[in-house]
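J.:
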Amino acid sequence: LPSSERVDDRLRVVLRAAAMASPHLDAADAGAHPTDVAILRAAVDVGLAGEIRSARRDGEARFDPARSFHASVSAGRVFTKGAPEALLPRCTSVRAADGGAVPLDDARCKVLIGAADAMAQRGLRVLMVAEGPVNGSVDDPRELTATGLLGISDPLRQCVADAVRRCHRAGVRVIMLTG
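Position 18 of the sequence shown, counting from 1, maps to 1189 under the numbering used here, and the rest follow consecutively.
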């Protein structure tokens, strides 16, 4: 990330919402998942530490692979981050460049899907960030506003190539599953 002085306000909004949809900075499990660590570190790096640390969480639905998103409630809002395909159907609007919300019609939906696909093609782990009013359970948020997309680089560890070569030499067929 660029220095905090040069970060666009729109990126700050997305990072703030993503950090709010992560374990609290001071939670014992804040460092348990690399995705949460990356998001919280980015939020801190752009100067959001005080704001996200002081925000009280009123409810939380931790990431669940079956649900494919993490959600938390704070100040009467629900904040979510997760797989675009899991969150997009829950969105009824998208954040506009001026900070307002506009209806999420088919054309805007295609733009979001295209942007997510382009990020994934570059090898990034793509998360959608959305927020909205608390309408029912934190486990099943609805009427969200798509705030933005985050792309997280997760390069292979240096030891992976050697480990795969050793497996091949030993006659082990390697199959990689992601997602």
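Note that beta-carbon positions come from the ideal geometry of N, C-alpha and C, so glycine has one too.
Any idea what DSSP makes of proline 1255, helix, strand or coil?
T.: Working through the sequence shown from its first residue, we reach residue 1255 at position 84. Correct three-state label for proline 1255: helix.
J.: Pick out whichever of Gln1329, Arg1337, Ser1324 and Arg1344 has its Cα sitting closest to the Cα of leucine 1209.
T.: Looking up residue 1209 in the sequence shown gives position 38. According to the sequence as given, residue 1209 is alanine; it is not leucine. The shortest C-alpha separation from alanine 1209 is found at Ser1324.
J.: Unbroken beta strand (DSSP E) runs of length 3 or more, entirely within the region 1193–1259: which are they?
T.: Here the runs fully enclosed are 1230–1235, 1240–1245 and 1248–1253.
J.: Between the region 1176–1195 and the region 1203–1219, are three or more C-beta pairs nearer than 8 Å?
T.: Touching, per the Cβ criterion.
J.: So is histidine 1241 buried or exposed if we call it buried at 16+ other beta carbons inside 10 Å?
T.: Counted from its first residue, the sequence shown places residue 1241 at position 70. With 16 or more other Cβ atoms within 10 Å, it is buried.
J.: For the region 1213–1223 against the region 1273–1289, are there 3 or more C-beta pairs whose distance is under 8 Å?
T.: No: the two stretches stay apart, fewer than three of their Cβ pairs being nearer than 8 Å.
J.: Under 8 Å between the Cβ atoms of alanine 1287 and valine 1300?
T.: If you number the sequence shown from 1, residue 1287 lands on position 116. If you number the sequence shown from 1, residue 1300 lands on position 129. For alanine 1287 and valine 1300, no; Cβs fall outside 8 Å.
J.: Would alanine 1188 and valine 1265 be called neighbours here (beta carbons separated by less than 8 Å)?
T.: Against the sequence shown, residue 1188 aligns to sequence position 17. Against the sequence shown, residue 1265 aligns to sequence position 94. No, they are not a contact pair.
J.: By Cβ distance, which residues of its chain are closer than 6 Å to cysteine 1338, with the 5 residues on each side in sequence left out?
T.: Against the sequence shown, residue 1338 aligns to sequence position 167. Contacts found: Val1345.
J.: Whole angstroms are fine: how far does the CA of valine 1305 sit from the CA of leucine 1321?
T.: What you label residue 1321 is simply residue 150 of the sequence shown in a count that begins at 1. What you label residue 1305 is simply residue 134 of the sequence shown in a count that begins at 1. Their Cα atoms are separated by approximately 23 Å.
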